[in-house]
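5 is the number of the first residue of the sequence shown in our numbering; add one for each residue after it. Heads up, the beta-carbon is just placed ideally off N, CA and C, and yes, glycines get one too. What you are looking at is a predicted structure, and each value in this text was computed from that prediction instead of being measured. Have a look at the structure below before the remarks.
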Amino acid sequence: MTSSADDPFRSAARIVIVCSLSLFIIFGIRLSFSVFFAEFVLSEGWSNESSAAIFSLNMLFFALTAPLAGMALDRFGPRPVFGLGVLLMAAGLWLSSRATSLNDLLLSYGVIEGCGLGITGLGPVASVVAGWTTPGQRGRALGIAFAGTGLGSLVFVPLANLLIAQFGWRSAYLILALVCLCLLLPLMVFGLRKPPALMRGSGSHSGRPAVHWRQLLRNPVFWALMIVGLTALGPVRSLTVHQIAYMESAGVERTVAANIVGLAGLLTSGSFIALGWVSDRFGRAAAFTIGCAGLLGAVAMLVVLPAAASVVVLVLYALFFALGEGTRSSQSTALASDVFQSQGLGLINGLMGGMFGLGAALGPWLVGRLRDQSGSYDGGLLVVVAMVVVSLGAYTYAARASR
5 MTSSADDPFR SAARIVIVCS LSLFIIFGIR LSFSVFFAEF VLSEGWSNES
55 SAAIFSLNML FFALTAPLAG MALDRFGPRP VFGLGVLLMA AGLWLSSRAT
105 SLNDLLLSYG VIEGCGLGIT GLGPVASVVA GWTTPGQRGR ALGIAFAGTG
155 LGSLVFVPLA NLLIAQFGWR SAYLILALVC LCLLLPLMVF GLRKPPALMR
205 GSGSHSGRPA VHWRQLLRNP VFWALMIVGL TALGPVRSLT VHQIAYMESA
255 GVERTVAANI VGLAGLLTSG SFIALGWVSD RFGRAAAFTI GCAGLLGAVA
305 MLVVLPAAAS VVVLVLYALF FALGEGTRSS QSTALASDVF QSQGLGLING
355 LMGGMFGLGA ALGPWLVGRL RDQSGSYDGG LLVVVAMVVV SLGAYTYAAR
405 ASR
């Protein structure tokens, strides 16, 4: 018979594992879009900008939905909220499998799938994990939970490439819809429950989050964190969407490019866990700085790739990308949870998730537009670098000001 002191730890460990498995599926599906993107350009003849607009619209509705999901989490808990999100994901993928035009995909994948991903996204999931952990455990717990995103990329990107090659992109979307219904739905509905911190943050039996909006909006740390959210995933998702197309333009075969993306996913899982430990041991800013350096290294590898296309350069790209991906979302939500521990975790991280989505919507679209206008990815890579630099400055300020 376990003691009551052991129960919270075991419950938290189980929640972290369920969240990691859930994000494995959610982000496996989400990050496989780079393969679908390349297929849209090649087989449907759509422009880079138009194809990237599907993902950007998806991320826009992700951004609009995530704060609402956060407020719903504070009030109702994860089971009904995430259940709705998974059903929307499945519906969006099923409708995408029946799409016959770009406009169809803008509605099915851009709007409906985007809403589902916003509800089940990193911000809401981070609120559940953060609510079950203390600040001293939070970096590692979020790292382990978010490691599922990297493993999802490792499995689902090559899988999507195989499914598209064998059955076409429409059938591939149908299979992914079935994965949501048969695996993800029971996992999130039956495996998660409301954490104590969200219960404490409810403020009253009415379920209203204990957030004083005037104080929040006057807090410069809040705005710094929103800038971090806006620029955290923008550069990562810009690379995610365009990396396979970029590698193909540099002479790399699509299968090889998909495998490199899968390798990056595997390394990202380790990066989340390792940098989560760095975060708890040496501070959030130290871990985030390492991640920014990694993203800049990934951009450098892409710059040299056309002139020196080799396995070494591609593997280094995967390694640097993993270092960057392994801190952007986890350390952003960890810092936000540290600063606003009992003030409506769902809402705070929902707002952070919304900014994640907004940045992830604008980044890939802008990179695609610059590519279509100039015929080169050079301008887009400069945008990625700028977002990384801005995010580092805002994060450093927020970390120091909140001490």
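Here's the rule: buried if 16 or more other CB atoms are within 10 angstroms of the residue's CB, otherwise exposed. What is residue i?
i: D418; result: This structure does not reach residue 418, given that the chain is present from 5 up to 407, and the question cannot be answered.
i: L221; result: exposed
i: E329; result: buried
i: D78; result: buried
i: S112; result: buried
i: A176; result: buried
i: G205; result: Only weak support exists for where G205 lies, its pLDDT of 46 falling under 50; the value from the coordinates is given anyway. It counts as buried.
i: S314; result: exposed
i: T138; result: exposed
i: G140; result: exposed
i: F286; result: exposed
i: R14; result: exposed
i: Q335; result: buried
i: R404; result: exposed
i: A73; result: buried
Among the options, which residue has its Cα nearest to the Cα of residue i?
i: G143; options: R241, A289, A103; result: A289
i: L366; options: S24, A56, S51, L27; result: A56
i: A380; options: A16, E53, F41; result: Per the sequence shown, residue 380 should be read as Ser rather than Ala. The shortest C-alpha separation from S380 is found at E53.
i: G152; options: L64, Y177, G269; result: G269
i: N165; options: L68, V225, M93, I33; result: I33
i: V225; options: F31, E43, G397; result: G397
i: I58; options: L271, S105, M251; result: S105
i: H246; options: R375, F150, S15; result: R375
i: Y250; options: V307, A228, S15; result: V307
i: G358; options: G49, R18, S60, F66; result: F66
i: L97; options: L279, C184, T337, V256; result: C184
i: L327; options: G120, G81, L300, L370; result: L300
i: M93; options: F80, G147, F31, F44; result: F31
Please report the Cβ distance between residue i and residue j, rounded to the nearest whole angstrom; I am assuming they are in contact, meaning their Cβ atoms lie under 8 Å.
i: A145; j: V317; result: That belief does not hold up - the Cβ atoms of A145 and V317 are roughly 34 Å apart, past 8 Å.
i: M391; j: T235; result: 4 Å
i: F324; j: G298; result: 5 Å
i: R332; j: L237; result: 6 Å
i: S101; j: L178; result: 4 Å
Handout entry: Within the stretch 265–336, ranges of the alpha helix (DSSP H) (whole runs, at least 4 residues)
Key = 288–308
Handout entry: In chain order, each alpha helix (DSSP H) run of at least 4 residues that lies wholly inside the stretch 70–136
Key = 82–101, 106–109, 118–123, 126–135
Practice task
Could you name each continuous alpha helix (DSSP H) segment of 4 residues or more that falls completely within the stretch 19–61, going from the start of the chain to the end?
Solution key: 37–43
Practice task
Taking only runs that begin and end inside the stretch 155–186, name each unbroken beta strand (DSSP E) of 3 or more residues, in chain order.
Solution key: none
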